[in-house]
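The letter at position 217 of the sequence shown is residue 220 when you use the working numbering, and the numbering goes up by one with no holes.
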Amino acid sequence: MHSPIFVSTLWAGVASALTLSPRSVCSTVSFTVSVTAQNGVYSGVPDPSNAEEIVSYVAAIFTGGYTSPVGSQTVSDSFTINGLYCKPLLAKSNKLQLLVHGLTYNKDYWVGLGFGNLYNWHTFANLHGYATLAVDRVGHGSNPQRPDPFNVVQGPVHIETLHQIIDQIRSSTTNPLGRTFDRIGYVGHSYGSFLGVGLAGQHPDDIDALILTGYSSTLNFTAAASFNFVPASALLPERFTEPLGYLTVGRESDRERAFYADAYDHSLPPADYDSQDTASDGEVAGMPTLFQPAVGFKKPVLVVTGVNDVLLCGQPLATCQSILEASSQLFPDAVHFESTAVPFTGHDLNLHYSAPATFERVNFFLDHYL
């Protein structure tokens, strides 16, 4: 078995560079976006005031009870989206990485939950000359609004929100970053990757490279069913006041089993559990609709997923590699497609000892294609 000591030693030079080299200047930013999106309408919708119905509805989706939308509804609203913007001391001209988190996380995922530069995506990317922007998706993180979790907080609203943010970044120097970027690489994790595929399909000119981490075109719904989602406000009322449709993982052991594997610091999962964010029942209901081909997206695509990711890949290495390579079918028009299976690593790539290897793989790709 590959030991944590070996992985740490292998990347000691990278970690040392992250610790000792000048890196970046970071600041919090806020975008205001006006969004109009076509969200899904679903049958059998749970009573928003009945926690048991909500939990049963979400559990049924992960155990084969998913049904396609029976229609659509227009959602129009304005949202405040908070982010962390980091500028490198030695910048690559006009190149930005947009970082989008997964379910039950927020933008703090990209700083490694505060566990140091070994796990900090911003630090590594900034050291390599890229500016980075990690955003909290609608309804999550430090954003002030908690919209209707079922009818509003769905994939289409997220995609349109990201489209509006990108438009501001490209077109106006009065945007919260104070400058424009004409080369944007989208980097998603898990559900953030699913949204990236949707964005690439609906707005193919928004981004210049698509990076999907913790992703494949095959989701293991059986593994996902083990999450034991519960209303966040019922589990942790001291932290959450959101409506019942904002869910979180009820047991630390379930979260560790789903997100971590093999070579990782075992002090991370308890801190991860204590700081976890939410997933909305609307996000879960619409998740299967995001596995659609990004027809018309003609830019390069990279998929990076852990071999031990029980949700989206799986051992042995050859099996995981085949799963990731098959994901190319969702990008029929991509100018270039690559995939990498990271050994001894679970779903949360940023939170394993192999994190610097993941960071290096992505930034090497962007050096060539962004």
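Yeah, the Cβ is synthetic: ideal placement off N, Cα and C, and Gly gets one too. As the structure is a computational prediction, the values presented were derived from the model and not from experiment.
Practice item. Identify every run of the alpha helix (DSSP H) within the region 122-205, keeping only runs that are complete inside it and at least 4 residues long; order them along the chain. Key: Entirely contained in the region 122-205, the alpha helix (DSSP H) runs reaching 4 residues are, in chain order, 124-130, 158-174, 194-205.
Exercise for review: Would you tell me roughly how many angstroms separate the C-alpha atoms of A358 and H125, rounded to the nearest one?
Suggested key: Here residue 358 corresponds to residue number 355 of the sequence shown, with the count starting at 1. Here residue 125 corresponds to residue number 122 of the sequence shown, with the count starting at 1. Spanning the two alpha carbons is a distance of roughly 12 angstroms.
Review point. With a Cβ-Cβ cutoff of 8 angstroms, do L92 and S30 count as a contact?
Key: Taking the sequence shown and counting its residues from 1, the one referred to as residue 92 is at position 89. Taking the sequence shown and counting its residues from 1, the one referred to as residue 30 is at position 27. With contacts defined by Cβ atoms closer than 8 angstroms, L92 and S30 do not form a contacting pair.
Review point. Quick one: what does DSSP say K302 is sitting in, helix, strand or coil?
Key: By one-based count along the sequence shown, residue 302 stands at place 299. The answer is coil: DSSP assigns K302 none of H, G, I, E or B.
Practice item. Give the DSSP-derived three-state secondary structure of Y69 in the structure shown. Key: The residue you call residue 69 lines up with position 66 of the sequence shown. Y69 falls in the coil class under three-state DSSP.
Point to revise | Nearest-angstrom beta carbon gap, L352 and G309 [assumed within contact, 8 angstroms] | key: One-based indexing of the sequence shown puts residue 309 at position 306. One-based indexing of the sequence shown puts residue 352 at position 349. Between G309 and L352, the beta carbon gap of about 6 angstroms places them in contact (Cβ cut-off 8 angstroms).
Check your understanding: Are the region 204-221 and the region 34-53 in contact at 8 angstroms, needing three or more beta carbon pairs?
Key -> Taking a cut-off of 8 angstroms on C-beta distances, the region 204-221 does not touch the region 34-53, as fewer than three cross pairs fall below it.
**Study point:** Burial state of F368 (16 or more Cβ within 10 Å)
**Key:** One-based indexing of the sequence shown puts residue 368 at position 365. In the assembly as shown, F368 is a buried residue. Its beta-carbon has 16 or more other beta-carbons within 10 Å.
Practice item. Taking R254 as the reference, give the member of V233, D170, L101, F153 with the closest Cα. Key: Here residue 254 refers to the residue found at position 251 of the sequence shown. Comparing Cα positions, the closest option is V233.
Review point. Opposite Q318 in the DSSP bridges: which residues?
Key: Within the sequence shown, the letter at position 315 stands for residue 318. Looking at the DSSP assignment, Q318 forms no beta bridge with any residue, so it has no partner.
Exercise for review: Would you give the residue range spanned by the alpha helix (DSSP H) that P272 belongs to?
Suggested key: As a first step, residue 272 is located in the sequence shown; it is residue number 269 there, counting from the start. Run containing P272: 271-278, per the alpha helix (DSSP H) assignment.
Point to revise | Alpha carbon of S283 to alpha carbon of H371, nearest angstrom | key: Working through the sequence shown from its first residue, we reach residue 283 at position 280. Working through the sequence shown from its first residue, we reach residue 371 at position 368. Their backbone Cα atoms lie some 37 angstroms apart in a straight line.
**Study point:** Within 8 angstroms, strictly: CB atoms of G201 and G158
**Key:** Looking up residue 201 in the sequence shown gives position 198. Looking up residue 158 in the sequence shown gives position 155. Cβ atoms of G201 and G158: closer than 8 angstroms.
Check your understanding: Excluding sequence positions up to five away, which residues of its chain have a Cβ less than 7 angstroms from the Cβ of H131?
Key -> Residue numbering aside, residue 131 sits at position 128 when the sequence shown is read from its first letter. Correct list, in chain order: N366.
Check your understanding: So, K90 versus A134, is the Cβ gap smaller than 8 angstroms?
Key -> For the purposes of this step, residue 90 is taken as residue 87 along the sequence shown, with counting starting at 1. For the purposes of this step, residue 134 is taken as residue 131 along the sequence shown, with counting starting at 1. A contact, by the Cβ cut-off of 8 angstroms.
Check your understanding: Counting pairs of beta carbons, one from the region 241-255 and one from the region 342-350, are three or more of them closer than 8 angstroms?
Key -> The region 241-255 makes no contact with the region 342-350: fewer than 3 CB pairs, one atom from each, lie closer than 8 angstroms.
Practice item. Measure the C-alpha to C-alpha separation of L373 and G317 and round it to an integer number of angstroms. Key: One-based indexing of the sequence shown puts residue 373 at position 370. One-based indexing of the sequence shown puts residue 317 at position 314. Rounded to whole angstroms, L373 to G317 spans 29 angstroms at the Cα level.
Review point. Q295 by DSSP, collapsed to three states: which one?
Key: Here residue 295 refers to the residue found at position 292 of the sequence shown. Residue state, collapsed to three classes: coil.
Exercise for review: State buried or exposed for H269, treating a residue as buried only when at least 16 other CB atoms are found within 10 Å of its CB.
Suggested key: Looking up residue 269 in the sequence shown gives position 266. H269 comes out exposed.
Point to revise | Start-to-end residues for the beta strand (DSSP E) that takes in V365 | key: For the purposes of this step, residue 365 is identified with residue 362 of the sequence shown, where counting begins at 1. Element bounds for V365: not the beta strand (DSSP E) but the alpha helix (DSSP H), 358-372.
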